[in-house]
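Here the structure is laid out as structure tokens; the discussion comes afterwards.
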Amino acid sequence: MQEKCFPSDNPSLATRHFNMAVALEGLKRFEEAVDHVTQAIEILRQTLGPHQRKIQHYQKYLDKLRQKL
Numbered sequence: 099m100q101e102k103c104f105p106s107d108n109p110s111l112a113t114r115h116f117n118m119a120v121a122l123e124g125l126k127r128f129e130e131a132v133d134h135v136t137q138a139i140e141i142l143r144q145t146l147g148p149h150q151r152k153i154q155h156y157q158k159y160l161d162k163l164r165q166k167l
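Its first residue numbered 99, the sequence shown is counted upward by one per residue in the working numbering.
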């Protein structure tokens, strides 16, 4: 639904993907969580550039999730 409201490169969509990943982690659906964080990182790289703090935060979270796979 959000993808219909926001362009695919909108930073708000990245935040929604990250929040979905957190929820999925809580449900122990780690592979799906990894997919959402990966999408969030890609959106932020396209819109904000590769050196944003938020990207670094999301990347650390992604690394943590991958350890749970």
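Just so it is clear, CB atoms sit at the ideal spot from N, CA and C, and this is done for glycine as well. Please read these numbers as outputs of a predicted model, since none were measured by experiment.
Query: Taking only three categories from DSSP, how would you classify Gly-124?; Result: helix
Query: Can you round the beta-carbon distance between Leu-163 and Glu-123 to whole angstroms, since I take them to be within the 8 Å contact cut?; Result: 6 Å
Query: Helix, strand or coil: how does DSSP classify Pro-148 here?; Result: coil
Query: His-155: which of Asp-133, Leu-125, Gln-165 and Ala-138 sits nearest, CA to CA?; Result: Ala-138
Query: Quick one: Cα of Leu-125 to Cα of Gly-147, how far?; Result: 31 Å
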